[in-house]
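Residue numbers (my numbering): 8 to 332.
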């Protein structure tokens, strides 16, 4: 029950809820930031690891690092304090960076799916190389910047939410909130609905079709394969990599689904969310979405034996460097 987390007279989170919130966000921040930085460093350091898939995975990790640095600390502080203290620039940048990072992540997963598709389903056709990967990364960052621009334009500071409060009126005097201020509700609905389709539904549908065809192709190939160890090991390795990548996609989609549903309900039927329920629901949905920053380090990193070995070497190198100083 949400009642144990909230005081419905003031809509403030209880001490228990605040403690759990800070603990959960801190854990996500540490795993996401440390894990993704290690992943980027190891891929950059190991020349043999610099293939198309790994470069795109590193780009995915970079977008997660941005979320960890720019979004998680600010959201936690804003949720706990109930007013904005970071200035107008951060008000505009916070949601912009989050949208930018999510868009970069989803389109990185699209490019990875295309690369795997060409490698397995169409091996004699066009094969993306490292140069193509970097051009693809540049393209999705520019595209993501354009898609996310409305967040930069329409976020602003206002004291409107605090003008009609019947409690703590002195405390909230001269306080401001960071909100989206669109010219009209229709324009906001068009943008948010389009964002849901083109930033979430359409890319995930495309990825699903790619991996479905990949698995069908691998299944057929298994029946036709010569009983040579080399072919069997290659098939097994492709299957392992694809399962790992599908796990990343499915977990990413699952993490962002609650927040997307929340945003749709909030935009189309605001009355369905009472103010107190709104605060609690948003906090839980946002926390689940932020867990997506831990996907790469866990699936691609900590469950990968080669990554574990590289991590041990990296830790040993850091320890040796520290002892020499």
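By construction, the Cβ of each residue, glycine as well, lies at the ideal position given by its N, Cα and C atoms.
Please name the residue, chosen from the options, that lies closest to residue i on a Cα-to-Cα basis.
i, options, result
"residue 119", "244, 131 and 140", "140"
"residue 88", "60, 34, 184 and 167", "184"
"residue 146", "197, 315 and 111", "111"
"residue 221", "71, 127, 51 and 78", "127"
"residue 255", "215, 47, 272 and 201", "215"
"residue 274", "22, 196 and 226", "196"
"residue 64", "150, 113, 186 and 91", "113"
"residue 78", "152, 105 and 244", "105"
"residue 264", "248, 249, 211 and 319", "211"
"residue 166", "186, 149 and 152", "186"
"residue 38", "76, 313 and 130", "76"
"residue 151", "206, 193, 98 and 51", "206"
"residue 317", "243, 135 and 53", "53"
"residue 33", "83, 21 and 322", "83"
"residue 130", "312, 245 and 253", "245"
"residue 271", "314, 200, 135 and 97", "200"
Would you check if the distance between the CB atom of residue i and the CB atom of residue j is smaller than 7 Å?
i, j, result
"residue 291", "residue 262", "no"
"residue 66", "residue 144", "yes"
"residue 164", "residue 95", "yes"
"residue 124", "residue 217", "yes"
"residue 333", "residue 188", "This structure cannot settle anything about residue 333, because the visible part of the chain is limited to 8 through 332."
"residue 203", "residue 267", "yes"
"residue 107", "residue 155", "yes"
"residue 40", "residue 103", "no"
"residue 36", "residue 68", "no"
"residue 122", "residue 59", "yes"
"residue 294", "residue 56", "no"
"residue 304", "residue 43", "yes"
"residue 182", "residue 90", "yes"
"residue 269", "residue 302", "no"
"residue 49", "residue 300", "no"
"residue 81", "residue 101", "yes"
"residue 198", "residue 168", "no"
Does DSSP put residue i in a helix, a strand or coil?
i, result
"residue 323", "helix"
"residue 163", "strand"
"residue 15", "Caution applies to residue 15, whose pLDDT of 39 falls short of 50 and renders its modelled position unreliable; the value that the coordinates give is listed next. Coil."
"residue 237", "A caution first: residue 237 carries a pLDDT of 49, below 50, which makes its placement in the model unreliable, though a value can still be read off. Three-state DSSP puts residue 237 in a helix."
"residue 135", "coil"
"residue 25", "helix"
"residue 180", "coil"
"residue 306", "helix"
"residue 210", "helix"
"residue 53", "coil"
"residue 91", "coil"
"residue 265", "helix"
"residue 317", "helix"
"residue 276", "coil"
"residue 130", "coil"
"residue 311", "coil"
State the start and end residues of the unbroken alpha helix (DSSP H) segment that holds residue i.
i, result
"residue 334", "There is simply no residue 334 to check, as the chain begins at 8 and stops at 332 in what is shown."
"residue 75", "59-77"
"residue 201", "192-203"
Between which two residues does the beta strand (DSSP E) harbouring residue i extend?
i, result
"residue 184", "184-187"
For chain B, is any of its Cβ atoms less than 7 Å away from the one on residue i?
i, result
"residue 112", "Here there is only one protein chain, and chain B is not present."
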